[in-house]
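Residue numbers (the UniProt record's numbering): 1 to 387. What follows is one structure encoded as structure tokens, with my remarks underneath.
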């Protein structure tokens, strides 16, 4: 990128002027990661100071049986397959109760699109989980799942969301977005929930007072222009509803772990390479710069590795996803030895080690507790990138 264009983009960012599609594509073409990260860090610091948010959460996947066979997905199983499972509601509650320690604040629930489970299973599950864990927020179901519920119930998404909220739902999850552009989407997604329905369902959720995350799966067969298009669609919806709290870039992963039955379900990996750490950091930086109306950008350490996640905090991210424990959708696919679990103390240490001040939040980004940052008296104490 020539010096003149760099100055022009710097001026737009510092003046708070909205970046265009062409600006986003130009930023992805820039090979000066230090400059790009520094500019994104300015925006991140202006919005969130030296804070890194985190929460104490657990993931619960009540079934992996799914009618879809999305090209990137290693989680799904067909009925009768060796590792297919579906939990009884009592089993899901028992498992969730076992996760209750460490002052758990959020349960994150995503499932396959089960062909036979009745619609009532889902609100009953939430109601039972909320009764068992009344202090825990239920972040549950992708827009794809809500669309599936419409088909199996005969109800509208409006009615479905009302029932789920009454049962205890506090937020949808951001999944099912992947890449919205049809040029790419038709090759990676094997269900019929696309931009029109995904945005319709989140728009409805926002109208009902829910705050939701939004995501993007990157680093597979898409090009930078598709990532820019994806973010700008979400940015336009955010202009309309204001309901997105956080944007989460999710790094596409190859299937190294989930091959116990010898079957590789990820059909993309034969013709793809995973995004490098530098590409991941560029994606965080460009996303932060383009997505000017969302307050937070989260790095999901499970899909990026701990070290890349720490670096992302200096490239636009201000949230480090929670303590997790078990993540069945993808895990350790990068072979970096990503742990199964990070405790609250682990997260505090990682955030301070990256030079930031940890703040524990709940699902709605309300502050639960603020912690001390790195000890400035220590000679080796890290500091955030200066802006």
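The beta carbon of each residue, even a glycine, is placed where N, CA and C say it ideally should be.
Beta-carbon contacts of residue i that lie in its chain and below 7 Å, excluding the five residues immediately before and after
i: residue 184; result: 221, 222, 226
i: residue 85; result: 63, 64
i: residue 193; result: 143, 144, 147, 176
i: residue 32; result: 1
i: residue 238; result: 244, 293, 294
i: residue 195; result: 180, 233
i: residue 178; result: 185, 188, 189, 217
i: residue 6; result: 35
i: residue 272; result: 220, 221
i: residue 303; result: 250, 251, 253, 330
i: residue 215; result: 174, 175, 177, 248, 250
Residue closest to residue i, alpha-carbon to alpha-carbon, out of the options
i: residue 111; options: 316, 133, 174, 363; result: 174
i: residue 295; options: 108, 126, 48; result: 48
i: residue 118; options: 302, 89, 356, 70; result: 89
i: residue 54; options: 180, 350, 377, 307; result: 350
i: residue 241; options: 267, 204, 275; result: 204
i: residue 18; options: 287, 322, 314, 321; result: 287
i: residue 124; options: 93, 238, 42, 29; result: 93
i: residue 15; options: 104, 264, 292; result: 292
i: residue 87; options: 100, 122, 99, 56; result: 122
i: residue 43; options: 213, 10, 66, 302; result: 10
Other residues of its chain near residue i: CB distance less than 8 Å, five sequence neighbours each side excluded
i: residue 367; result: 359, 360, 361
i: residue 208; result: 161, 162, 165
i: residue 275; result: 218, 219, 251, 252, 283
i: residue 364; result: 137, 170, 171, 211, 245
i: residue 228; result: 21, 24, 25, 28, 286, 290
Alpha-carbon spacing of residue i relative to residue j, whole angstroms
i: residue 332; j: residue 341; result: Here the model assigns residue 332 a pLDDT of 38, short of 50, so the residue's position is not dependable, and the following value carries that caveat. Residue 332 and residue 341: Cα-Cα distance of roughly 12 Å.
i: residue 8; j: residue 113; result: 47 Å
i: residue 109; j: residue 25; result: 34 Å
i: residue 343; j: residue 244; result: 27 Å
i: residue 345; j: residue 102; result: 10 Å
i: residue 369; j: residue 347; result: 14 Å
i: residue 250; j: residue 298; result: 9 Å
i: residue 254; j: residue 377; result: 43 Å
i: residue 330; j: residue 357; result: Unreliable positioning characterises residue 330 in this predicted model, as indicated by a pLDDT of 46, which lies under 50. A coordinate reading is not provided.
i: residue 189; j: residue 372; result: 44 Å
i: residue 61; j: residue 12; result: 43 Å
i: residue 313; j: residue 247; result: 14 Å
i: residue 431; j: residue 200; result: Outside the shown range of the chain (1 to 387) lies residue 431, about which nothing can therefore be said.
i: residue 135; j: residue 79; result: 34 Å
i: residue 139; j: residue 107; result: 6 Å
i: residue 3; j: residue 35; result: 11 Å
i: residue 127; j: residue 104; result: 18 Å
i: residue 150; j: residue 56; result: 31 Å
i: residue 157; j: residue 352; result: 42 Å
i: residue 270; j: residue 116; result: 32 Å
i: residue 206; j: residue 213; result: 11 Å
Three-state class that DSSP yields for residue i in the structure shown
i: residue 286; result: helix
i: residue 21; result: helix
i: residue 304; result: helix
i: residue 137; result: strand
i: residue 224; result: helix
i: residue 178; result: coil
i: residue 115; result: coil
i: residue 234; result: helix
i: residue 254; result: coil
i: residue 74; result: coil
i: residue 465; result: The requested residue 465 does not occur in the structure, where the chain is confined to residues 1 to 387.
i: residue 291; result: coil
i: residue 88; result: coil
i: residue 314; result: coil
i: residue 362; result: coil
Proximity test, residue i beta-carbon vs the ligand NAD heavy atom, cut-off 8 Å
i: residue 321; result: Questions concerning the ligand NAD fall outside what the structure shown contains, since it holds no ligand whatsoever.
Cβ pair residue i, residue j closer than 9 Å
i: residue 211; j: residue 171; result: yes
i: residue 27; j: residue 309; result: no
i: residue 290; j: residue 23; result: yes
i: residue 181; j: residue 230; result: yes
i: residue 40; j: residue 316; result: yes
i: residue 281; j: residue 311; result: yes
i: residue 68; j: residue 202; result: no
i: residue 187; j: residue 71; result: yes
i: residue 120; j: residue 96; result: no
i: residue 20; j: residue 264; result: no
i: residue 300; j: residue 321; result: yes
i: residue 81; j: residue 133; result: no
i: residue 29; j: residue 224; result: yes
Own chain partners of residue i with C-beta closer than 6 Å, once the 5 adjacent residues on each side are dropped
i: residue 51; result: 357, 359
i: residue 83; result: 77
i: residue 152; result: 119
i: residue 66; result: 76, 112, 113
i: residue 167; result: 123, 126, 127
Short CB-CB distance (under 9 Å) between residue i and chain C
i: residue 61; result: The structure shown contains no chain C; it is built from a single protein chain.
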